[in-house]
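Working notes, beginning with the structure itself.
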Amino acid sequence: MAIVIDQKEKLFTLHTAHTTYQMKADRLGTLLHLYYGRRTDDSDKSYILSYRDRGFSGNPYEVGKEIKTYSLDVLPQEYSCYGTGDYRISGLKVQNEDGSQAAALHYREYRMEKGKYAIPGLPAVYADEEEAQTLEVILEDVVSGVEVHLLYGVLEARDIITRAVKIKNRGAGKIILQKAASMNLDWTSGEFEWITFYGRHVMERNVQRSRLVHGVQSVGSVRGTSSHHYNPFAILCEKNADEEKGACYGFSFLYSGEFLMETEKDQCSQTRLICGIHPDNFAWELQPGAEFDAPEVMMTYSEKGFGGISRNLHKTIRNHICRGEWKEKRRPVLINNWEATYFHFTGEKLVSIAKEAAALGVELFVLDDGWFGKRDDDNSGLGDWFPNEKKLGCSLKELAEKIIACGMQFGLWFEPECISEDSDLYRSHPDWAVTVPGRRPSLSRNQLILDFSREEVQNYMIDRMSAIFAETRISYVKWDFNRSICDKFSYGLDAERQGEFAHRFVLGLYRVLETLTTRFPHILFEGCSGGGGRFDAGMLYYTPQIWCSDNTDAIARLKIQYGTSFGYPVSAMGSHVSAVPNHQTRRVTPLATRGYVAMAGTFGYELDVTRMPEEEKEQVRKQIKQFRKYYHLIQYGEYYRLLSPLEGQCTAWEMEDPEGREALITAVYHDVEGNSAPVIVKVQGLKREAFYQAKLNPDDMEGWSEQEKECFLEGLPYGYKEGEKITGAALQDCGLAIPDVMDAFQAWQIHIVEV
Ligand code: DGJ
20 MAIVIDQKEK
30 LFTLHTAHTT
40 YQMKADRLGT
50 LLHLYYGRRT
60 DDSDKSYILS
70 YRDRGFSGNP
80 YEVGKEIKTY
90 SLDVLPQEYS
100 CYGTGDYRIS
110 GLKVQNEDGS
120 QAAALHYREY
130 RMEKGKYAIP
140 GLPAVYADEE
150 EAQTLEVILE
160 DVVSGVEVHL
170 LYGVLEARDI
180 ITRAVKIKNR
190 GAGKIILQKA
200 ASMNLDWTSG
210 EFEWITFYGR
220 HVMERNVQRS
230 RLVHGVQSVG
240 SVRGTSSHHY
250 NPFAILCEKN
260 ADEEKGACYG
270 FSFLYSGEFL
280 METEKDQCSQ
290 TRLICGIHPD
300 NFAWELQPGA
310 EFDAPEVMMT
320 YSEKGFGGIS
330 RNLHKTIRNH
340 ICRGEWKEKR
350 RPVLINNWEA
360 TYFHFTGEKL
370 VSIAKEAAAL
380 GVELFVLDDG
390 WFGKRDDDNS
400 GLGDWFPNEK
410 KLGCSLKELA
420 EKIIACGMQF
430 GLWFEPECIS
440 EDSDLYRSHP
450 DWAVTVPGRR
460 PSLSRNQLIL
470 DFSREEVQNY
480 MIDRMSAIFA
490 ETRISYVKWD
500 FNRSICDKFS
510 YGLDAERQGE
520 FAHRFVLGLY
530 RVLETLTTRF
540 PHILFEGCSG
550 GGGRFDAGML
560 YYTPQIWCSD
570 NTDAIARLKI
580 QYGTSFGYPV
590 SAMGSHVSAV
600 PNHQTRRVTP
610 LATRGYVAMA
620 GTFGYELDVT
630 RMPEEEKEQV
640 RKQIKQFRKY
650 YHLIQYGEYY
660 RLLSPLEGQC
670 TAWEMEDPEG
680 REALITAVYH
690 DVEGNSAPVI
700 VKVQGLKREA
710 FYQAKLNPDD
720 MEGWSEQEKE
730 CFLEGLPYGY
740 KEGEKITGAA
750 LQDCGLAIPD
760 VMDAFQAWQI
770 HIVEV
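In my numbering, the protein residues as written are 20 to 774.
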């Protein structure tokens with residue numbers, strides 16, 4: 020049983036294959052958190068709690084004189100409240116009708132059911148009755164009538180526990196939620212560090228590891244989206260944890276808007292972590308009888324280091340978050356015209372790229388920004404989702420048919436949540452733009468936000484996009500969003516409800532995405548927000564892949580994709596081969612390296628193939644074959660980070676068949692040192708007793724002279740020679756030497772097969 024309940028003791032124990040989580044309602048009705056970690060027994064862990072007096076940590080009136088050292092300020096809780104004696108960061112902050120800001124939650128009852136709960140209008144992990152169980156624990160504040168339903172989804176085999184919260188106003192007066200976090204987790208002991216992912220446009224998800232010190236530390240976004248700047252995913256770990264070992268907790272927020280992930284190390288060196296919607300732009304009114312759903316957080320625990328956390332999350336995202344036809348189907352190799360033409364193209368030029376790319380084996384042509392309205396630069400046109408037939412030289416439908424006739428599928432770019440001042444849509448609906456009355460709005464990329472919190476705007480966009488999808492054979496949509504939101508105000512909301520705008524915007528986005536993906540299940544949607552500005556598990560519920568970054572430089576991408584891989588699978592990371600010198604960094608890298616880095620993602624091209632020399636075209640043909648050959652490992656394999664791009668000279672990763680029969684290792688020299696020591700990787704997974712052979716991709720030596728080849732092969736490390744067999748144990752323990760670097764930014768792909 021995944022969920023074990025001792026009704027008398029009000030003790031709840033949740034088990035997954037390797038983890039246990041426990042909580043208990045005490046005699047006062049406080050729901051105490053007792054344990055989350057390695058799988059253990061169901062016995063009551065409340066013996067561990069200390070009730071030592073802590074000065075200035077007050078005591079609830081009800082405990083009386085008898086246990087006057089009882090304090091909410093130090094006890095570990097499942098969902099903490101602001102205003103009634105817990106001075107730490109809290110999960111819930113309510114403003115009552117009388118203006119007071121207090122809530123005290125006490126246990127009332129629980130419910131349990133088979134399967135995994137869903138959340139209306141919000142993304143959530145899904146699983147069937149065989150795979151998951153749900154526990155709902157109901158707490159109430161008897162004074163205000165606030166009812167809090169704590170939801171726990173237990174995916175036993177995946178080592179995943181999800182949390183979400185429903186808040187109901189059962190009282191007679193209106194309340195305002197000023198903070199409604201999705202989870203609260205307390206540890207009574209332990210010295211922790213946490214890993215968070217910071218960044219900026221064109222350099223997302225850099226890894227930062229810091230010690231949790233006394234006080235509050237946080238990451239979050241107030242930009243309307245989850246943002247390039249901090250990702251709504253974090254790992255909390257023991258001091259000695261590393262890639263392969265050590266106790267780690269992973270927290271991934273399924274939400275694409277403003278979030279706050281905060282930790283506090285308190286006076287007793289206890290740690291609290293809270294995650295939820297950012298309270299800065301949040302005030303949600305609940306009239307009597309109304310309810311509010313806080314989005315979901317997915318949690319996992321592993322003693323196999325960061326790698327263990329990543330692999331648990333990768334599988335859960337692939338199998339229990341991504342949905343629809345594209346969850347299982349092989350994603351097409353695509354070519355996108357953005358870096359090839361930017362805004363300056365004709366229909367003829369697009370068809371010529373498509374034709375050339377089709378001949379190389381590319382399967383999908385994506386027409387990016389600039390095909391609609393008056394849009395030859397980023398000053399105008401957003402909102403006018405009507406094809407510019409003059410520019411295309413034909414109707415969009417005709418263009419799509421021409422491209423399809425080349426043997427390609429056709430895909431199209433949209434930026435539905437934005438509007439240009441210079442657009443017909445703005446001229447006819449100026450109030451649909453997000454601006455504060457009486458103030459000039461802040462522009463970003465010369466554009467404004469379209470108010471997706473309003474139902475009529477959502478419906479307009481659903482109808483407009485549906486009409487295009489119905490009349491044109493479209494197989495793919497790139498859903499972009501190229502600015503952060505400020506000047507938060509909606510002409511569709513009353514003054515008292517303006518604090519709901521930011522969350523309502525996200526709910527509106529989710530509604531539009533849900534409607535379109537349901538209506539057009541054959542379309543593959545790729546998320547994007549100026550690259551990876553909205554790369555979160557919430558978006559992956561609607562779009563199974565997201566353009567990882569506007570930085571397409573292979574070497575910069577090593578860091579971006581490395582950071583992203585901590586929380587998200589390769590199958591979710593949009594990654595393309597682009598031209599050199601790279602448009603963002605001016606760096607020149609070999610085509611092979613660009614190919615391998617893009618293969619650690621959904622794989623595609625973003626350059627003008629019509630201008631490629633014949634040798635490069637031949638290389639592209641081979642890359643596409645290689646990608647297809649290893650697709651099962653790349654998209655569905657167990658992912659291991661072997662060498663970090665932040666150290667040394669070589670970055671390496673491995674994609675392993677879960678049965679241990681084969682593995683694909685990719686190694687990229689991101690730096691070169693003179694007379695350097697050999698680079699060794701310890702191969703992960705595989706069967707210890709089995710024998711393997713390591714094979715280099717012969718294409719990696721393409722273009723070399725016979726002499727160079729001979730010299731290289733002579734010095735090739737033991738293990739690659741034809742007929743040499745190495746045991747899985749040796750590959751794991753002793754490792755495999757990566758061949759030397761022969762060229763700047765050289766990359767190697769090594770296939771390890773059981774023999
Ligand atoms: C930002 C995206 O990330 C790019 O790939 C491209 O689609 C541009 N927007 C188009 O405006």
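Ideal Cβ placement from N, Cα and C applies to all residues, glycine included.
Burial state of C287 is exposed, judged by a 10 Å Cβ sphere holding fewer than 16 other Cβ atoms. Of the heavy atoms belonging to the ligand DGJ, none sits nearer than 7 Å to the Cβ of W303.
Annotation for N331: the continuous alpha helix (DSSP H) segment containing it runs 324-335.
Of the other Cβ atoms in all chains shown, 16 or more fall within 10 Å of the Cβ of V352; this residue is therefore buried. Residue pairing of V238 in beta bridges, as defined by DSSP: M280.
For V698, the number of other beta carbons within 10 angstroms of its own is at least 16, and it is reported as buried.
In the DSSP assignment, the residues bridged to K198 are K112. Note on geometry: alpha-carbon atoms of N331 and V589 lie some 13 Å from one another. Ranked by how close their Cα comes to the Cα of E262, the residues L47, S663, F31 have S663 in first place. The three-state secondary structure of G623, taken from DSSP, is strand. Contact annotation: V772 and K714 have beta-carbon atoms nearer than 8 Å. With distances taken between CA atoms, T536 lies nearest to I493 out of K578, I493, I769.
In this structure, DSSP gives G430 an extended state, which the three-state scheme calls strand. A distance of 8 Å or more separates the beta carbons of G140 and R553.
For N225, the CB stays at least 7 Å from every heavy atom of the ligand DGJ.
Counting C-beta atoms within 10 angstroms of its own C-beta, R107 has 16 or more neighbours from the protein chains shown and is therefore classed as buried. The alpha-carbon of H595 is positioned some 36 Å away from that of L292. Unbroken beta strand (DSSP E) stretches of 3 residues or longer found wholly inside the segment 171-231: 179-188, 194-206, 211-219, 222-230, given in chain order. DSSP lists K133, V173 as the beta-bridge partner residues of Q152. L462 counts as exposed, since fewer than 16 other beta carbons sit within 10 angstroms of its beta carbon. For D762, there is no enclosing beta strand (DSSP E), as DSSP gives it neither H nor E.
Within 7 Å of the C-beta of W672 there is not a single heavy atom belonging to the ligand DGJ.
Residue selection by CB proximity (closer than 6 Å to any heavy atom of the ligand DGJ) returns W357, D387, D388, W432, D499, N501, C547, G549, G550, W566, D569 in chain order.
Residue environment for D60: exposed (fewer than 16 other C-beta atoms within 10 angstroms of its C-beta).
In this structure, the straight-line span from the alpha carbon of V113 to that of V184 is close to 14 Å. Within 10 angstroms of the beta-carbon of M20 lie fewer than 16 other beta-carbons, which makes it exposed. The alpha helix (DSSP H) runs lying completely inside the segment 518-567 and spanning 4 residues or more are 520-538, given in chain order. For R350, the number of other beta carbons within 10 angstroms of its own is at least 16, and it is reported as buried. Contact annotation, V496 with G430: C-beta distance approximately 7 Å; criterion of less than 8 Å satisfied. When secondary structure is reduced to three states using DSSP, F311 falls in the strand class. Boundaries for L68: no alpha helix (DSSP H) harbours it, and the DSSP string shows neither H nor E there. Taking all protein chains shown into account, N478 has fewer than 16 neighbouring C-beta atoms within 10 Å of its C-beta and is therefore exposed. Comparing alpha carbon positions, the residue from S245, I214, E159 closest to F500 is S245. When L273, V241, S229, Y40 are compared, the shortest CA-CA separation from E257 is found for S229.
Apart from the 5 residues on each side of it in sequence, R130 sits with its Cβ closer than 7 Å to the Cβ of E155 in its chain, given in chain order. Taken through DSSP and simplified to helix, strand or coil, Q726 comes out as helix.
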